[in-house]
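Participant: Dropping the structure in here first, questions after.
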Amino acid sequence: MNIESPATPAATSSESSQAHDAHDLAPEPTAAGEQQRAPRPLGVLVGFDGSANATAALRWAAREAHFRALPLTVMSSFTIPPAVSGYLESFPDAGGQTLARQATERTLNLAREQLAGHAGEVTYRLEHGDAAGVMVNLSGSAELCVVGSRGRGGFTGRILGSVAAALPSHAHSPTVVVPHTDESSVGEGPEAISTADTRPVVVGIDGSPHSRKAAVEAARTAISHGTRLQLVMALPPLTTAAMWYPELAAREQAMVQTRVDDLNKDLDVEVGWVQAQFPELSVTGSVEEGFPVNVLQSMGGRVQLTVVGTRGHGGVRSALLGSVSRELLHHASAPVMVVPAHD
1 MNIESPATPA ATSSESSQAH DAHDLAPEPT AAGEQQRAPR PLGVLVGFDG
51 SANATAALRW AAREAHFRAL PLTVMSSFTI PPAVSGYLES FPDAGGQTLA
101 RQATERTLNL AREQLAGHAG EVTYRLEHGD AAGVMVNLSG SAELCVVGSR
151 GRGGFTGRIL GSVAAALPSH AHSPTVVVPH TDESSVGEGP EAISTADTRP
201 VVVGIDGSPH SRKAAVEAAR TAISHGTRLQ LVMALPPLTT AAMWYPELAA
251 REQAMVQTRV DDLNKDLDVE VGWVQAQFPE LSVTGSVEEG FPVNVLQSMG
301 GRVQLTVVGT RGHGGVRSAL LGSVSRELLH HASAPVMVVP AHD
C-alpha cells in the first residue's frame, strides 16, 4: 500500500510500502488530565542507514512498537553534496540522484530482511533530504523517534552521530538514541525483537515541570514494557574543602546529610505524584550522590532505558540541564530517551 509523504522542505519525495507482517510548579503534565490529541500515524519512527548502530536502533524500535501496539515506520534518506552532485552530473549516464536513490532502496531492503518476523504494521519510507531535517519534520507525525548513536555516514550522505546529537533538541516527539553496545535485543531476527527485558526504566528528575513531563513518558514506557519505574535525584558534591582541611569534614558531612534529607522529602512528593497518575505501576525513588551525568551513566547496565528532559531547573538545583542530556547521549552505554518540553 502506498501512502503520501508530508510535503516538507527537507522531505521532498518519499516512497512507502506495507509489510505483511508539592512544588511551586507551573501547569503540570498529568496522565489523566492531558488534552487528548489525535494519534500520530507514523507511530514509532526509526532512521536506518544499514550500519551496526542503525540495526540496533531498528531492533529497539521494533520491540517498542510491539510493546506499545503502534505501527513502525522505517525511514532512510539520501542527499548529495553540491560538489559531488556537480561531478556526477558531468557524466550523462551517471544519474547522481538515481544512484543515490537506488543505494537507499537497497538500505531499506536490509531493514525489510531484519524485520521479516515482525508481526506488526511496518511502513518503509525513502526520503530525499538531510537526515536530521527529515527526522525533525516527520517527528510531528510520530509518537517516538529512534536513531542509532552513530551511523556509516548517512543515512546516505550524513554522519548519523550528528543526527543523534541534533534530533533530540528539535524533535516534536520524544527521541531515543540507541548505542551499538545496547544489549536489550539479544540474537538476530525475530527472536531479538520479541525478547523481553525485565530491567527497570529510570528517569532523572529535579522537580521541574519539564522533569515531570519526562517522568510521565518514562512511566508510560515502563507500563508498556511490563516493568517498574525508578525516579532518581542527584546530589552533586558540595565542596572539596575537607580534602584540604580535615577538621571541616564533620561539618561538611552534616551539610550533605541535611541536603540528602531535603531531597528525599522532595523525592517522596515526586514518587507519590507519579504513583497517583499511574496506580498500576511500581514506582521507587532514590537520591544518589554525584553529578547528574555520572549518576545516570553509572546505572546504564542495570536499566533498560534512561529518560531525561531536554532541560530542568536553572542554577545549582538543576539535575536535568541541557548539558546533562547532551553528555548522556555522547557517553551512554544503554538507550537514552530525551523528552522535549513541548511537542
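Count the sequence shown with the UniProt record's numbering and you get residues 1 to 343, in order. Glycine included, C-beta positions come from ideal geometry on N, C-alpha and C. For clarity, every value in this text was computed on a predicted model and none was experimentally measured.
Since LEU231 and LEU263 are thought to touch, with beta carbons under 8 Å apart, how far apart are those beta carbons, to the nearest angstrom?
Facilitator: Counting from one through the sequence shown, the residue named residue 231 turns up at place 231. Counting from one through the sequence shown, the residue named residue 263 turns up at place 263. 11 Å between Cβ atoms; not a contact.
Participant: On the criterion of 16 or more Cβ atoms from any shown chain inside 10 Å, does GLY154 qualify as buried, or is it exposed?
Facilitator: Within the sequence shown, numbered from 1, the residue matching residue 154 stands at position 154. Only weak support is given to the placement of GLY154: the predicted model assigns it a pLDDT of 45, under 50, and the value that follows is read from those uncertain coordinates. Label assigned to GLY154: buried.
Participant: Specify, as a first and last residue, the run of the alpha helix (DSSP H) that GLN297 falls within.
Facilitator: Along the sequence shown, read from residue 1 onward, the residue named residue 297 stands at position 297. That run of the alpha helix (DSSP H) goes 292-298.
Participant: How far does the alpha helix (DSSP H) with VAL134 in it reach, from first residue to last?
Facilitator: In the sequence shown, counting from the first residue as 1, residue 134 sits at position 134. VAL134 -> alpha helix (DSSP H) spans 131-139.
Participant: In this structure, does DSSP put SER325 in helix, strand or coil?
Facilitator: Position 325 of the sequence shown, counted from the start, is the residue given in the question as residue 325. SER325: helix per DSSP, three-state reduction.
Participant: If you compare alpha carbons, which of ARG228, ARG212, LEU58, ARG326 is closest to ALA116?
Facilitator: Here the question's residue 116 lines up with position 116 in the sequence shown. Checked all of ARG228, ARG212, LEU58, ARG326; the closest Cα to ALA116 is LEU58.
Participant: Cα separation between PRO41 and GLU217?
Facilitator: For this step, residue 41 is matched to residue 41 along the sequence shown. For this step, residue 217 is matched to residue 217 along the sequence shown. For PRO41 and GLU217, the distance between alpha carbons rounds to 19 Å.
Participant: With DSSP as the reference, label HIS180 as helix, strand or coil.
Facilitator: Taking the first residue of the sequence shown as position 1, residue 180 is located at position 180. Coil.
Participant: Please classify THR227 as buried or exposed, where buried requires at least 16 neighbouring CB atoms within 10 angstroms.
Facilitator: Within the sequence shown, numbered from 1, the residue matching residue 227 stands at position 227. Buried is the call here.
Participant: Spatial neighbours of ASP24 within its chain, please: C-beta separation below 6 Å, excluding the five flanking residues on both sides.
Facilitator: In the sequence shown, the residue the question calls residue 24 occupies position 24. Because ASP24 sits at a pLDDT of 39, beneath the cut-off of 50, its placement in the model cannot be relied upon, and the following sentence gives the value as read from the coordinates. Hits under 6 Å: none found.
Participant: I'd like to know if the region 199-212 and the region 165-178 are in contact, where contact means that at least 3 CB-CB pairs between them fall below 8 Å.
Facilitator: No, the region 199-212 does not touch the region 165-178.
Participant: I'd like to know if the region 284-302 and the region 127-138 are in contact, where contact means that at least 3 CB-CB pairs between them fall below 8 Å.
Facilitator: Contact fails: fewer than three Cβ-Cβ distances are below 8 Å.
Participant: Assuming SER139 and ALA111 make a contact with CB atoms under 8 Å, what is their CB distance in whole Å?
Facilitator: The sequence position of residue 139 within the sequence shown is 139, counting from 1. The sequence position of residue 111 within the sequence shown is 111, counting from 1. At roughly 19 Å, the Cβ-Cβ gap does not stay under 8 Å, so SER139 and ALA111 are not in contact.
Participant: What are the partner residues of GLY204, as DSSP defines its beta bridges?
Facilitator: Looking up residue 204 in the sequence shown gives position 204. GLY204 is bridged to VAL232.
Participant: HIS210 and GLY309 look like a contact to me (Cβ under 8 Å); what is the Cβ gap, rounded to whole Å?
Facilitator: Counting from 1 along the sequence shown, the entry for residue 210 is found at position 210. Counting from 1 along the sequence shown, the entry for residue 309 is found at position 309. Between GLY309 and HIS210 the Cβ distance is about 4 Å, and since that is below 8 Å, they are a contact.
Participant: Please state whether the Cβ-Cβ distance between residue 404 and VAL146 is less than 7 Å.
Facilitator: The structure shown does not extend to residue 404, since the chain spans only 1 to 343, so no value can be given for it.
Participant: Taking 7 Å as the threshold (C-beta atoms), are VAL178 and ALA56 in contact?
Facilitator: Taking the first residue of the sequence shown as 1, we reach residue 56 at position 56. Taking the first residue of the sequence shown as 1, we reach residue 178 at position 178. Yes, these two residues count as a Cβ contact at 7 Å.
Participant: Buried or exposed, going by whether 16 or more other CB atoms sit within 10 Å of the CB of residue 347?
Facilitator: With the chain covering 1 to 343 only, the question about residue 347 has no answer from this structure.
Participant: Measuring alpha carbon to alpha carbon, tell me which of LEU229, PHE48, ALA214, LEU108 ends up nearest HIS342.
Facilitator: As a working note, residue 342 is residue 342 in the sequence shown. Closest option to HIS342, Cα to Cα, is ALA214.
Participant: Which residue's Cα is closest to the Cα of VAL260: THR107, PRO236, LEU45, ARG220?
Facilitator: Mapped onto the sequence shown, residue 260 falls at position 260. The candidate whose alpha carbon is nearest that of VAL260 is PRO236.
Participant: Among the residues of its own chain, which have a CB less than 8 Å from the CB of HIS180, if the five just before and after it don't count?
Facilitator: For the purposes of this step, residue 180 is taken as residue 180 along the sequence shown, with counting starting at 1. Only ALA52, ASN53, ALA56, GLY148, SER149, ARG150 meet the Cβ criterion.
Participant: Specify, as a first and last residue, the run of the alpha helix (DSSP H) that ALA63 falls within.
Facilitator: If you number the sequence shown from 1, residue 63 lands on position 63. Before going on, a small fix: residue 63 reads as Arg here, not Ala. Run containing ARG63: 52-68, per the alpha helix (DSSP H) assignment.
Participant: Since I believe LEU329 is in contact with VAL339 (beta carbons under 8 Å), could you give me their beta-carbon distance rounded to a whole number of angstroms?
Facilitator: By one-based count along the sequence shown, residue 339 stands at place 339. By one-based count along the sequence shown, residue 329 stands at place 329. Actually they do not touch by this definition, with Cβ atoms about 13 Å apart.
Participant: With DSSP as the reference, please indicate the residues paired to SER224 in a beta bridge.
Facilitator: The sequence position of residue 224 within the sequence shown is 224, counting from 1. SER224 is not bridged to any residue.
Participant: What does GLU288 pair with, by DSSP beta-bridge criteria?
Facilitator: Here the question's residue 288 lines up with position 288 in the sequence shown. Answer is ALA234, bridged to GLU288.
Participant: Could you tell me the alpha carbon to alpha carbon distance between ILE223 and LEU45, rounded to whole angstroms?
Facilitator: Translated into the one-based positions of the sequence shown, residue 223 becomes position 223. Translated into the one-based positions of the sequence shown, residue 45 becomes position 45. The straight-line gap from Cα to Cα measures roughly 20 Å.
Participant: Assuming ILE80 and GLN102 are in contact, meaning their beta carbons sit under 8 Å apart, how far apart are those beta carbons, in whole angstroms?
Facilitator: Translated into positions along the sequence shown, residue 80 becomes position 80. Translated into positions along the sequence shown, residue 102 becomes position 102. Actually they do not touch by this definition, with Cβ atoms about 13 Å apart.
Participant: Assuming contact is defined by CB atoms lying nearer than 7 Å, are ALA142 and SER173 in contact in what I supplied?
Facilitator: In the sequence shown, counting from the first residue as 1, residue 142 sits at position 142. In the sequence shown, counting from the first residue as 1, residue 173 sits at position 173. Going by C-beta atoms, ALA142 is nearer than 7 Å to SER173.
Participant: Round the Cβ separation of HIS118 and LEU72 to the nearest angstrom and send it over; I've been treating them as touching at under 8 Å.
Facilitator: For the purposes of this step, residue 118 is identified with residue 118 of the sequence shown, where counting begins at 1. For the purposes of this step, residue 72 is identified with residue 72 of the sequence shown, where counting begins at 1. That belief holds up - the Cβ atoms of HIS118 and LEU72 are roughly 7 Å apart, short of 8 Å.
Participant: Distance, Cα to Cα, GLY129 vs GLU105?
Facilitator: Counting from one through the sequence shown, the residue named residue 129 turns up at place 129. Counting from one through the sequence shown, the residue named residue 105 turns up at place 105. Those two C-alpha atoms are separated by around 14 Å.
Participant: Going along the chain, which residues of its own chain have a beta-carbon closer than 8 Å to the beta-carbon of VAL303, five neighbours each way excluded?
Facilitator: One-based indexing of the sequence shown puts residue 303 at position 303. Around VAL303: ARG199, PRO200, VAL201, VAL202, GLN230, ALA334.
Participant: Between which residues of its own chain and VAL324 is the CB-CB distance below 6 Å, once the five residues before and five after are set aside?
Facilitator: Locating residue 324 in the sequence shown gives position 324, where the first residue counts as 1. Closer than 6 Å at Cβ, skipping near neighbours: PRO292, VAL293.
Participant: Using a 10 Å radius around the Cβ and a threshold of 16 neighbouring Cβ atoms, would you call ALA319 buried or exposed?
Facilitator: Taking the first residue of the sequence shown as 1, we reach residue 319 at position 319. Note that ALA319 has pLDDT 40, beneath the 50 cutoff, so the model's placement of it is unreliable and no number is given.
Participant: Are the Cβ atoms of LEU126 and SER76 separated by less than 7 Å?
Facilitator: Reading the sequence shown from its first residue, position 126 is the one you call residue 126. Reading the sequence shown from its first residue, position 76 is the one you call residue 76. Their beta carbons are under 7 Å apart, which means LEU126 touches SER76 by this criterion.
Participant: What does the Cβ neighbour count give for LEU108, buried or exposed, with the cut at 16 atoms within 10 Å?
Facilitator: Locating residue 108 in the sequence shown gives position 108, where the first residue counts as 1. It is buried - the Cβ of LEU108 has at least 16 other Cβ atoms within 10 Å.
Participant: Determine which residues share a DSSP beta bridge with MET337 and list them.
Facilitator: In the sequence shown, the residue the question calls residue 337 occupies position 337. In DSSP, MET337 forms a bridge with VAL176, VAL307.
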